[in-house]
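Everything below concerns the one structure shown next.
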Amino acid sequence: MIKNSLYLLVLCTLFSSCRFFETEKISTETFYEEEVRTIDWQEVDQYPTFTECELETEKLQQKSCFERTLSARIYEYLYSKQMKALKDLNDTLFLDFAVNRNATLTVDTVKIDSVIKAEFPKLEGWIQQSINAIQLEAPAYKRGIPVKTEFTLPITIKTQEL
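Add 12 to the 1-based position in the sequence shown for the numbering used here, that's all there is to it.
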């Protein structure tokens, strides 16, 4: 009798112990949905790159180098136009632009004050031309995939009376 009880106990243990080794299977769709939820879509892993910025490895340094180089090239282009104003100006305009997956820059909008527009009617066109002339080395990347990014760049217009 004890022997039979022992056999019965061993059999019950064997059949129930298999459940401890089962793993829960997650469908690829569920895994994908969970992964997509954890991604911060507002941040990129790597910012768009100019040749001068290729050696930057830290994300903040990449962003800073990108902004500095872009600003310098726009200012350089505007300076070459030898802009002259009749009034003293110290104002900021805002340039909304995008960098697409092919590392091409495009202007979305230029938010420009009416005083600056009156003083420099060609300024918006010059900004557009300066952006068109800029060549990037690489676009922004998110998880190794090139992505479109959008930026707003403040441009300060400061003139002095001669």
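Ideal placement from N, C-alpha and C gives every residue a C-beta, glycine not left out.
The model shown is predicted, which means the values in this text are computed figures rather than measured ones.
Taking the C-beta atoms as reference points, Leu148 is found nearer than 8 Å to Ala115.
Taken through DSSP and simplified to helix, strand or coil, Tyr153 comes out as strand. DSSP places Asn102 outside any alpha helix (DSSP H); the residue lies instead in the beta strand (DSSP E), whose first and last residues are 102-111. Rounded to whole angstroms, Val56 and Glu88 show a C-alpha spacing of 28 Å.
Listed as beta-bridge partners of Glu162 by DSSP are Ala110. If you look at Thr63, you'll find it isn't in any alpha helix (DSSP H); DSSP assigns it neither H nor E. By the Cβ rule, the region 145-161 does not count as touching the region 90-101, because fewer than three pairs are nearer than 8 Å.
Judged by DSSP secondary structure, Thr118 falls within the beta strand (DSSP E) whose first and last residues are 117-123. Counted as a single uninterrupted DSSP element, the alpha helix (DSSP H) harbouring Ala145 occupies residues 135-145.
By the CB criterion at 8 Å, Leu105 and Val119 fall outside the cutoff.
Lys96 carries a coil assignment under DSSP once its states are collapsed to helix, strand and coil.
Assigned with DSSP and collapsed to three states, Ile167 falls in strand. Ile128 sits away from Ile86, with the two beta carbons spaced by 8 Å or more.
In the three-state reduction of the DSSP assignment, Gln74 falls in the helix class, which pools H, G and I.
Pro166 is classed as exposed because its beta carbon has fewer than 16 other beta carbons within 10 Å across all chains shown.
Around the beta carbon of Gln94, a 10 Å sphere encloses fewer than 16 other beta carbons of the protein chains shown; the residue is thus reported as exposed.
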